[in-house]
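Those sequence lines, one after another, are chains S and Y. Mapping to numbering that gives the first Met the number 0: the first sequence position 149 is 148, numbers consecutive. Mapping to numbering that gives the first Met the number 0: the second sequence position 268 is 267, numbers consecutive. Virtual Cβ for every residue (Gly too), placed ideally from N, Cα, C. Here the structure is laid out as C-alpha cells; the discussion comes afterwards.
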Amino acid sequence: MESSEFIVQARDLGKRVPVAGGHLDILQGVSLGIKPGESLAVVGESGSGKSTLLGLLAGLDLPSSGTVELAGEDLGHLDEDGRARLRGRYVGFVFQSFQLMPTFTALENVMLPLELLDRPAPRSRAQALLARVGLAGRTRHYPRQLSGGEQQRVAIARAFATEPAILFADEPTGNLDTTTGEQVIDLLFELNRERGTTLVLVTHDSRLASRCSRQIRLHAGRLLEQP
Amino acid sequence: MNLPRHALVLLLREWRAGELRILLAALVVAVSASTAIDFFTSRISQGMQQQSAGFLGADLILVSPNPVEPGWLEKARTLGLRQARTLEFASMVVAGESFQLAAVKAVQPAYPLRGRLRVTDRPFGRERQTADLPEPGEAWLDARLFSRLKLQPGDSLEIGDKTFVARRVLAFDPGFRMDLLGLTPRLLIRLEDMAATGVVRPGSRLSHHYLFAGKPDRVATLRGWLQPRLLNTQQLIDVHQGRRTVGAALERAEHFLGLAVTVALVLSGVAIAMAAHRYSRRHYDSSALMRCMGMTGGKLLGLHLLQLLLLGLAGSLLGVLLGWAAHWGLLWLLADLLPPGPLPHPLSPLFTGLLTGLAVLAGFALPPLLGLRRVPPLRVLRRDLQPLPTSAWLVYALALAAVLLFMWRSSGDLQTVLVLLAGSAAMLVPLGLLSLGALAAARSLGSLLGSGWRLGIDSLWRRRGATLAQLVAFGLVFMAMATLLLVRTDLLESWRDRLPADAPNHFLINILPDKVGPLRAFFREHGIESSRLYPMVRGRLAEVNGRPALQAVPQQARNHNALHRELNLSWSDALPPANRITAGRWFTDADRGRPLVSVEASMAKALGLEPGDRLGFVIGGTPIEATILSLRQVQWDSFRPNFYLLFPPGVLEDFPATWMTSFHLPPEQQETVSALVRSFPATTLLELDPILRQVQRIMGQLVLAVEYVLLFVLAAGVVVLFAAISTTLDERLHEGALLRALGARSRQLRHAILAEFLGLGFMAGLLAALASEIVIAFLYVQTLALEPARHPLLWLLLPPAGAFLTGVSGYLGTRQVLFQSPLRVLRRT
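Right, here's the structure in full:
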C-alpha cells in the first residue's frame, strides 16, 4: 500500500477501553486504505466496533495502538486542535441522530460550517444546497418542525456544503423508515457522484452496503473480509 | 473566521430560540437594582459634598451654648479669617390668631460666609439667589410658615415682644441642617433685633454659632488651635462632616437599600449560574458538532466568551437604563429627606452598572461555559461523553470573587456583606446534610401515598444532586425575602412612635420663674389639666467620685451623650408618674436640701453608676456635688416631662431655672392654645401632633422606598425559581414522556410534579427559617442596632409559603411535561 494513493489509511488499529475488572478490546489489528472517490461500507452487527472505527478514521478519537493518516497527515502527531483543523478542511459528517443545531433554522444549519471556515457567500450556497436536496421551501424551519427524513436531508446538505474530500456517514438511515431511508441514500449517492467525494459509510443494512463500491465487515473488533 | 460577527450571529439565533431569556432577565434585574441604588446614593452624596460648604454657610463653625471667650475670635482675626456670628433658637411666632413654633436664626450682615441665600417674593414663587439679608425689623420666613400663619408678604408677625414685617420667602438657607430641627419651619432675622424680642433670658436654650471662612490652611490652623480648648458642650463642624448632617433616618435607609441590593445581586448571580449551567449543558452537542466541523477548542471558547460579553453588554445596558429610570422613583419617594437644591448628575453609576453586569456574568456564568471548550468531538457519536468538569475551586473562587466585589460596591459595608455571606455559606453544608436526611424521611413517607406522589418523591431522591442545588437555591431565596421582610417590619416598629389617645400632646418649655404662678392660674381658668410644673437647671456632669467624668466612666461609655452636652437637672419631692425606683430609695422630707440625686437607670447602667457614687456637676460655672440615692426606671413614651437626673427640693433653687410642663388639649380647643401663646410670649410651645405626623410621614416614605427596592429582590427571587426549575426541565420532559409512553395517566404525572415541588418548597422553607434566624440575629446586633428578637411565626409560615410558591411556579414551569406529545419529546433526544 503506497500512502499517496489513499486519502485515508489505517495501520494495525487497536482500541482498548478499561472495564470493570480488566479491559475490553473494541478494535484489534485493523488495517485498511481508502482511495479518493471510493465509496466504502463498514458493516457488522451492533457492538462490532463499526462506529469506533469511524471515529478513529475521522480523527474524532485516538487509537490505543496503530496509526491513522488522513490526507497525508498522521493524526497521532496532531493535537486535538490540529485534528480539528484537518477535519474542517477535508471531512464532512452525516450522523444517525442528524445532530442539527436545534436553535438554528435549516438554512442556518447549512450555513454554519461555511461560516466557521469563512467561505464566501454562505447564504446563497446554503440556499442552493437546500434546493438541491429538495428543501427550498423549508429554509426558515427549525429542526423540530421538520420530519426525520427532512432533517437528514438538511444534515446531508450541511455535510456537502464545504465540499469535503471525504464524507463519513454513521448509520445515516438508522432513524428513518425504509422508504425515507432509500430516498436519503439516493440523495447521498447522487451528491457523492456529482462532487467526486470519498464516502465512508457505517451501516448494518446490507442493501445499503451493497450500493457502495467496496464493503468491509467487522466482527468482534476484527476485520473479517476485505475484497 | 470573523469571531465577533459569528458570536453576534449565533447569539441572535440563540435569543430568537428563547435560550437566553432567564440569563438575560437575571442580569437585567441585578444591574438595574444596583444601578438604581448607585444613582440614588451617589447623586445624594455628591450633592452633599458639592454643597456642603454652602450647606454650612462657612468653612468651619464653632457651636456653643454660651458666648465664647473674645480671645478665640481674636485668634481667628489674626489668622485673617472672615467671621460671622449667628444665634439659633426655637421660638413661637404669632400672627393674628395663628401661631407656630419656628427655628429662628438671627444673623449678622456678613452671613453667610459661603453659599448664597435663595428667596422668592411670594410663597412658591420663582427662586433667585440674593446677597441681601433681612433689614432690621424684617423677617424672612420659609413658605410653610407663610401658609401656617396665613401670612402674605408685608404682613406683620410677633416674636416675643417685637413685631416684624414678613418680607420675603426664604427658599434656601445654606446653613440648613439635616436633622429633626430641620423639620421645623425656619425664620431669619437680624442679630441686632434680638434684644428687643426679650426671648433670650438666662437659662434659655440657645445655640451660638461662630462662622469662619478663609484659606484652607488658615482654617485648619484655627481648627487645631480651638480643638484642645473646647468644652464638652462645644463642637466644631467643618465641611468634611457635611455627610454627617444627613438625617440618621436617611442613613439607615441607605444602609437597608444597600443590603437589599446585595441580596438582589446574589440571587441574580445564583439564577445566572443556574441558567448558564443549563445553557452549557444544552450546548454540549453543538459544541461537539462545531469541533467536528473543524473548530479548535480555543476558538470555541472565544466564540462563547464573545457571546457572553455581548450578552453582558446588552443586558447591562438595559439594566442601567432601567436602573436610571427606577432611581427617579426613589428620589421621589424620599423627596423630604434629600438635600435642597438641584442634585448633580454623576455618570459613574453608568459605568459601574456595566461593570457590575459583566462581573456578575463572569463570576457566575463563566465557570460552566469554560467546560464547553473541553467537549470531546467524539460526543457526536457517543452522547454519553461529558466534558471534563472545570476545576471546582476555579468555579467557587470566581463566584465568590464576583459576589464579594459587587457586595462591597453596592453596600460599601464589608461587615454586613460578610455576615450575609457567612450566613449563606454556613447554610450550605449543614443544610445540605439536613436536606438529605429530610429527603430520605420523605421517601419512606412517600411509600404510604399514592403512586403519583411516590413517583415525585422518588424522583427527588434519584436526582439528589439537582435536588440539593434547588433546595439551597430556594432556601436562599426564601431566606433573603424573609430576612428583608422581617428587618423591614422590625425597623418600622422601632421607628414608629405610639401615642396613647389622651397622652399629653403639648409641651410648654422655657417658662420663666415669674410666669409659673400666672401660668397655673391660666390652666385653672381654662380647665386644662396639666402635669406638674418642673424646674429645669442646665448643668454639665463633670466628675464621678472626684475624678473627671470622662476618665471615670468605662471605656465604651466615653462617647455617651450625657458627657458631652448640658443636662437638664430638675427637682421634685414626689416620684413623678411613670417612674419606678429600681435601686435605693426615693427622697423623704428629711432629704430636703441634702446633696442627693436620683439617676435614670439606663443612663446609670451605661455610665457604670451605682447608688452611693458621687457625681460632680458644673452649673453656670459653679460646681456642686451630689450622692446617688436611687436609680429610676423611666417610661419615656409616657409623654410627660421626664428627667435623667432629679434632685430633692432645696438644692438647686439658687441657680437660674426655667420651668416646663405638658398637657393634653383636644384639637378643637385651638383658641385656648392661641390665648396661651399670646399671654406667655417668651415660652416655647411644642405641639407634638404635627411633629409626630411629620415623623410618621417620613417613616412612611422610608417604608415605601424600602418596599420599592424589595420589588427588585422579589424579581431576582422569581428569576432564581424559574432558573432552578428549568435546570431539570429537559430531564423532566424526557422522563415524563417515557412515563406517559409506558401508560402513566396525567393525574399521576401531575401528582408527581406537585409532590416534587411541594416537598422541595416545604423543605426549603424549613431551611430558610433556620438560616433567617441566624442571619437576622447577627444583622440586628451588628449592623442595624436593633434589639434581637425571635420569630416563631417564621417557622410556622415559611415552610407552607415555600411549598406554595415553589409548587405554583414549579407546576407552571414544568406544565409542558403534561401536555407535550411523548413522541416528540422522545424523538428529540
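- Look at residue 17 (chain S): its C-beta is not under 9 Å from any C-beta on chain Y.
- Under the Cβ criterion (8 Å, minimum of three pairs), the segment 639-649 of chain Y counts as touching the segment 574-581 of chain Y.
- Listed by position along chain Y, the residues whose Cβ is nearer than 7 Å to that of residue 54 (chain S) are 377 and 380.
- Taking 9 Å as the cut-off, the Cβ atoms of residue 319 (chain Y) and residue 366 (chain Y) do not count as close.
- Residues of chain S with a Cβ closer than 7 Å to the Cβ of residue 285 (chain Y) are, in chain order, 100.
- Interface flag for residue 80 (chain S) against chain Y is set, since a Cβ pair is found closer than 9 Å.
- Out of Y:316, Y:488, Y:682 and Y:437, the CA that lies nearest to the CA of residue 508 (chain Y) is found in Y:682.
- Per DSSP, the unbroken alpha helix (DSSP H) holding residue 799 (chain Y) starts and ends at 791-813.
- Bridge pairing for residue 198 (chain S): S:38 and S:166 [DSSP].
- Looking at Y:621, Y:609 and Y:579, the one whose alpha-carbon comes closest to that of residue 634 (chain Y) is Y:579.
- In the three-state reduction of the DSSP assignment, residue 96 (chain S) falls in the coil class.
- For residue 14 (chain S), the uninterrupted beta strand (DSSP E) segment begins and ends at 7-18.
- Under the three-state reduction of DSSP, residue 552 (chain Y) is assigned to coil, being neither helix nor strand.
- In the same chain as residue 581 (chain Y), and ignoring 5 residues on each side of it, the C-beta atoms closer than 6 Å to its own belong to 600, 630 and 632, in chain order.
- Annotation: residue 284 (chain Y) is outside any beta strand (DSSP E); the continuous alpha helix (DSSP H) that includes it extends over 283-291.
- By the neighbour-count criterion, in which 16 or more other beta carbons inside 10 Å mark a residue as buried, residue 218 (chain S) falls on the exposed side.
- Within chain S, the residues whose beta carbon sits less than 9 Å from that of residue 12 (chain Y) are 100, 102, 103, 104 and 107, listed in sequence order.
- Among the residues facing chain S, residue 288 (chain Y) is included, as its CB has a counterpart in that chain under 9 Å away.
- Going by beta carbons, residue 779 (chain Y) and residue 486 (chain Y) fall inside the 9 Å limit.
- The beta carbon of residue 120 (chain S) does not come within 9 Å of any beta carbon belonging to chain Y, so the residue lies off that interface.
- At a cut-off of 9 Å between beta-carbon atoms, residue 188 (chain S) makes no contact with chain Y.
- When the five nearest sequence neighbours on each side are left out, the beta carbons in the same chain lying within less than 6 Å of the beta carbon of residue 63 (chain Y) are those of 207 and 233, in order along the chain.
- Note: residue 215 (chain S) is bridge-paired with S:41 in the DSSP secondary-structure output.
- For the pair of segments examined, the segment 68-80 of chain S was found not to touch the segment 95-107 of chain S: the number of CB pairs separated by less than 8 Å stays below three.
- Considering only beta carbons, the part of the segment 27-61 of chain S lying closer than 9 Å to chain Y consists of 50, 51, 53, 54, 57, 58, 59 and 60, in chain order.
- Counting along the chain, the unbroken beta strand (DSSP E) around residue 104 (chain Y) starts and ends at 97-106.
- A Cβ of chain Y is located within less than 9 Å of the beta carbon of residue 161 (chain S).
- Using a Cβ-Cβ cut-off of 8 Å, residue 87 (chain S) is close to 292, 293 and 294 of chain Y, given in chain order.
- Around residue 167 (chain S), the same chain offers 53, 57, 92 and 199 as residues with beta carbons nearer than 6 Å, after the five sequence neighbours per side are excluded.
- Within chain S, the residues whose beta carbon sits less than 7 Å from that of residue 18 (chain Y) are 102, listed in sequence order.
- Under the three-state reduction of DSSP output, residue 129 (chain Y) falls in the strand class.
- Between the segment 10-30 of chain S and the segment 166-182 of chain S, the count of C-beta pairs closer than 8 Å stays below three; the two stretches do not touch.
- In the three-state scheme derived from DSSP, where H, G and I count as helix and E and B as strand, residue 89 (chain Y) is classed as strand.
- Judged by their CB atoms, residue 266 (chain Y) and residue 475 (chain Y) are nearer to each other than the 9 Å cut-off.
- For residue 5 (chain Y), the chain S residues whose C-beta falls within less than 7 Å of its own C-beta are 114, listed in chain order.
- Under the 9 Å criterion on CB atoms, residue 15 (chain Y) is classed as interfacial with respect to chain S.
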